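Here is the structure we will look at, set down as structure tokens.
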Amino acid sequence: MSKSDDALSKLGTWIIAATVLGAVVGLLMGESAKMFAPIGDLFMQLIKMVVVPMVFFSLVGGGASLGNSKSAGKIGIVTFIYYAVTTIASVVIGLLFGELFKPGAGMSLETFNAIASNEFADKGALPGFWDTVIGFVPSNPFAALAEGNILQIIVFALFIGFSIAKFSGEKREFLLNVFNYMTEVLINIMTVIMYVAPIGVFALMADAVGTFGYDVLVKITYLVGIYILVLGLVNFVMIGGSVALFAKKVTFAQFFKSMYKVQLFAFSTASSMATLPLNMATVQNELKVSKETTSFALPLGATINMNGNAAYYALAACFFAQMFGMELTTAQYIAIIVTSTLGAVGQAGVPGPTLLVVAVLMAANIPIVALPILFGVDRIFDMLRTAVNITGDAACATIVDGLRDDE
Numbered sequence: 011m012s013k014s015d016d017a018l019s020k021l022g023t024w025i026i027a028a029t030v031l032g033a034v035v036g037l038l039m040g041e042s043a044k045m046f047a048p049i050g051d052l053f054m055q056l057i058k059m060v061v062v063p064m065v066f067f068s069l070v071g072g073g074a075s076l077g078n079s080k081s082a083g084k085i086g087i088v089t090f091i092y093y094a095v096t097t098i099a100s101v102v103i104g105l106l107f108g109e110l111f112k113p114g115a116g117m118s119l120e121t122f123n124a125i126a127s128n129e130f131a132d133k134g135a136l137p138g139f140w141d142t143v144i145g146f147v148p149s150n151p152f153a154a155l156a157e158g159n160i161l162q163i164i165v166f167a168l169f170i171g172f173s174i175a176k177f178s179g180e181k182r183e184f185l186l187n188v189f190n191y192m193t194e195v196l197i198n199i200m201t202v203i204m205y206v207a208p209i210g211v212f213a214l215m216a217d218a219v220g221t222f223g224y225d226v227l228v229k230i231t232y233l234v235g236i237y238i239l240v241l242g243l244v245n246f247v248m249i250g251g252s253v254a255l256f257a258k259k260v261t262f263a264q265f266f267k268s269m270y271k272v273q274l275f276a277f278s279t280a281s282s283m284a285t286l287p288l289n290m291a292t293v294q295n296e297l298k299v300s301k302e303t304t305s306f307a308l309p310l311g312a313t314i315n316m317n318g319n320a321a322y323y324a325l326a327a328c329f330f331a332q333m334f335g336m337e338l339t340t341a342q343y344i345a346i347i348v349t350s351t352l353g354a355v356g357q358a359g360v361p362g363p364t365l366l367v368v369a370v371l372m373a374a375n376i377p378i379v380a381l382p383i384l385f386g387v388d389r390i391f392d393m394l395r396t397a398v399n400i401t402g403d404a405a406c407a408t409i410v411d412g413l414r415d416d417e
């Protein structure tokens, strides 16, 4: 492990400590903790500075790579369809549980409401359904980038990415490398910003708890509990159900009996990539999936199949909308589904999935000022969702390998 990797691995501990310390200071100081607000605001500005260009460059690179995929045939198509359908279904499950249990409702957030009103004062009324659909396509892509219109940026980026994929040889490789390198640059910038995250999180947590007291802590605990329920449904009903219905080589019980140790490893490391070797060995040796299918479906899934993340983005969007007393419209639901799905696909390599909630909130016109209150528990969320993410990859490989045997 490099020094930078070692430092980042310790960052989660520092952020948790900063969260606890900020909460204690907020409770002790009360309204006086408002003095820390400017530090928290500066930290949020640093994050917002990177989010828009990161979404753009990463999706261009991802679109170019996927659009040039040589994995033709039935297996490749079914793999992509499975990942797309389960990701969208995970988003919908997150939304349903968010609306059913309303984790963010009932908080007294006068100060945050005032900030949110100022932040979105110039955005006008929310558009209707067809206005939202038409609004996906930017009339001026540069204006979309300047204004931070996430949905339009996503559409423009994917058009560029798929267009680059049509080139061949050195021209395609050169352009793909440019966008991938820019994504790496922005990831490095975000990594640097995250080094000061404990300071920013401490300031924001002290300010939030000092202003709103125990309400914030109770709501975060409630949100974690609801997320565990969401992941249980995604893991055992959606993923497990797909295995029970479509897998030809293993049963529901056999699948989870083989996968439990992989899930525990993923939970402890909170990394799909770190779990990939163990996942591939288990899928190939215990679930009897062919080497060819395993080598295709699992590395691809570790990159683009993030069911746990997708559900988290949607649930978090509901949480913050409810905190501010917002009733989500059809247009906002569409925005959440689109950005949560694409955000999950583009998650690989981005430090801290909670940061991508910024893009989802911005797309749905939901205030982002309270987002850092989740940073302290992000490690818990990450461990939980990673265990579900790798399970979905294994399920896909198990299902599509049965189709391969039929060919």
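11 is the number of the first residue of the sequence shown in our numbering; add one for each residue after it.
C-beta: ideal position from N, C-alpha, C; glycine also.
Please read these numbers as outputs of a predicted model, since none were measured by experiment.
Distance check for residue j and residue i, CA to CA, integer angstroms please.
{"i": "I87", "j": "V355", "result": "16 Å"}
{"i": "A405", "j": "L413", "result": "13 Å"}
{"i": "V272", "j": "A397", "result": "8 Å"}
{"i": "I409", "j": "T29", "result": "42 Å"}
{"i": "L2", "j": "A331", "result": "No statement about residue 2 is possible, as the shown extent of the chain runs from 11 to 417 and does not include it."}
{"i": "N319", "j": "N399", "result": "8 Å"}
{"i": "A27", "j": "L227", "result": "15 Å"}
{"i": "F334", "j": "V234", "result": "19 Å"}
{"i": "L56", "j": "L366", "result": "14 Å"}
{"i": "D217", "j": "L352", "result": "32 Å"}
{"i": "E41", "j": "N198", "result": "36 Å"}
{"i": "A82", "j": "L310", "result": "Interpretation of A82 is limited by its pLDDT of 42, a score under 50 that renders its predicted location unreliable; the figure taken from the coordinates is listed afterwards. C-alpha separation (whole angstroms): 14 Å."}
{"i": "M59", "j": "M283", "result": "27 Å"}
{"i": "G32", "j": "F385", "result": "12 Å"}
{"i": "K259", "j": "N295", "result": "12 Å"}
{"i": "A131", "j": "T340", "result": "With a pLDDT of 46 at A131, under the threshold of 50, the predicted position of this residue should be treated as unreliable, and no value is reported."}
{"i": "I236", "j": "T201", "result": "29 Å"}
{"i": "A213", "j": "V195", "result": "27 Å"}
{"i": "L241", "j": "M248", "result": "10 Å"}
{"i": "L328", "j": "G179", "result": "Here residue 328 turns out to be Cys, not Leu, going by the sequence shown. C328 and G179: Cα-Cα distance of roughly 45 Å."}
{"i": "M290", "j": "P113", "result": "37 Å"}
{"i": "F262", "j": "V211", "result": "42 Å"}
Tell me, to the nearest whole angstrom, how far the beta carbon of residue i is from that of residue j; I am working on the premise that it is less than 8 Å.
{"i": "G250", "j": "N315", "result": "About 16 Å; that fails the 8 Å criterion."}
{"i": "L288", "j": "F275", "result": "6 Å"}
{"i": "L168", "j": "F66", "result": "L168 to F66, Cβ: 10 Å. No contact."}
{"i": "F146", "j": "L161", "result": "5 Å"}
{"i": "I209", "j": "I49", "result": "7 Å"}
{"i": "G7", "j": "M215", "result": "With the chain represented from 11 up to 417, any question about residue 7 goes unanswered, as that position is not in the structure."}
{"i": "A321", "j": "A345", "result": "About 16 Å; that fails the 8 Å criterion."}
{"i": "F107", "j": "L239", "result": "6 Å"}
{"i": "I376", "j": "M336", "result": "7 Å"}
Measuring alpha carbon to alpha carbon, tell me which of the options ends up nearest residue i.
{"i": "I230", "options": "A115, T23, S100 and V102", "result": "A115"}
{"i": "Y323", "options": "G36, L381 and I203", "result": "L381"}
{"i": "V391", "options": "L325, V165, L38 and Y270", "result": "Residue 391 is actually Phe in this sequence, not Val. With distances taken between Cα atoms, F391 lies closest to L325."}
{"i": "A312", "options": "I347, M336, S281 and F329", "result": "S281"}
{"i": "K20", "options": "E183, M204 and V62", "result": "M204"}
{"i": "S100", "options": "F246, V62, P63 and L233", "result": "F246"}
{"i": "M192", "options": "F256, V211, V61 and T96", "result": "V61"}
{"i": "Y93", "options": "F265, L308 and R389", "result": "L308"}
{"i": "I256", "options": "T89, S305 and F152", "result": "A small fix is needed here, since residue 256 is Phe in this sequence, not Ile. Ranking the options by Cα distance to F256, first place goes to T89."}
{"i": "I170", "options": "V211, G179, F189 and S178", "result": "F189"}
{"i": "L185", "options": "I163, I347 and G71", "result": "G71"}
{"i": "L69", "options": "M336, S178, F166 and R182", "result": "F166"}
{"i": "R389", "options": "P148, G104 and F277", "result": "F277"}
{"i": "Y232", "options": "K301, V379, V387 and A369", "result": "V387"}
{"i": "T303", "options": "A207, A407 and L52", "result": "A407"}
{"i": "A207", "options": "A43, I347, M39 and D51", "result": "D51"}
{"i": "D411", "options": "I347, S300 and M54", "result": "S300"}
Within 7 Å: the Cβ of residue i and any heavy atom of the ligand ATP?
{"i": "I376", "result": "Absence of the ligand ATP from the depicted structure is noted, as is the absence of any ligand whatsoever, leaving it without description."}
Entirely within the stretch 183–223 and at least 4 residues each: give me those alpha helix (DSSP H) ranges in chain order. 207–222
Starting from the N-terminal side, write out each stretch of the alpha helix (DSSP H) that is 4 residues or longer and does not extend beyond the stretch 153–181. 160–175
Entirely within the stretch 257–334 and at least 4 residues each: give me those alpha helix (DSSP H) ranges in chain order. 262–279, 282–295, 301–314 and 317–333
May I have a chain-ordered list of the alpha helix (DSSP H) segments no shorter than 4 residues that lie completely inside the stretch 28–97? 47–77
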